[in-house]
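This report refers to the structure that appears directly beneath it.
Residue numbers (the numbering used here): 591 to 707.
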């Protein structure tokens, strides 16, 4: 299951950088749940060729992620945004100094997000 999730996220970020064949085989293998044999029959290629193409596509996406880090940056930004939302939800009329402190924490998180982009 973990590999499926990883491939799903990487596919979302890097699908346009794959060849048409890699994109089609990955999509049908992971998202349409077709077997290597079914794909080989559909595309009129060997099962080994299907396997190799899928593995090359996975490797390419992992390589792109190691170089570009788009998925990692996205995950980091999502965590920061969640923290900002949580901080902003904590605002209460408890006193001026407490509000200022919460506001400064929220601003710091937003600045951190900006620097990550």
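Each residue gets a CB set at the ideal place from its N, CA and C atoms; glycine is no exception.
All values reported here derive from a predicted model rather than from experimental measurement.
Own chain, CB closer than 7 Å to residue 677, minus 5 neighbours either side, in chain order: Same-chain partners within the cutoff: 692, 695, 696 and 699.
As assigned by DSSP and simplified to three states, the class of residue 656: Looking at residue 656 - three-state DSSP - the assignment turns out to be helix.
Nearest-angstrom Cα separation, counted from residue 604 out to residue 654: Those two C-alpha atoms are separated by around 8 Å.
Three-state secondary structure assigned by DSSP to residue 662: Of the three classes helix, strand and coil, the one that applies to residue 662 here is helix, per DSSP.
Buried versus exposed, by CB contacts within 10 Å (16 or more), residue 648: With 16 or more other Cβ atoms inside 10 Å of its own Cβ, residue 648 counts as buried.
Nonlocal neighbours in the same chain, by C-beta distance under 8 Å from residue 708, ignoring five residues either side: Any answer about residue 708 is impossible in this case: the structure gives the chain only from 591 up to 707.
For residue 594, the first and last residue of its enclosing alpha helix (DSSP H): Note, residue 594: alpha helix (DSSP H), 592-604.
Host alpha helix (DSSP H) of residue 615 (start-end): Residue 615 -> alpha helix (DSSP H) spans 610-616.
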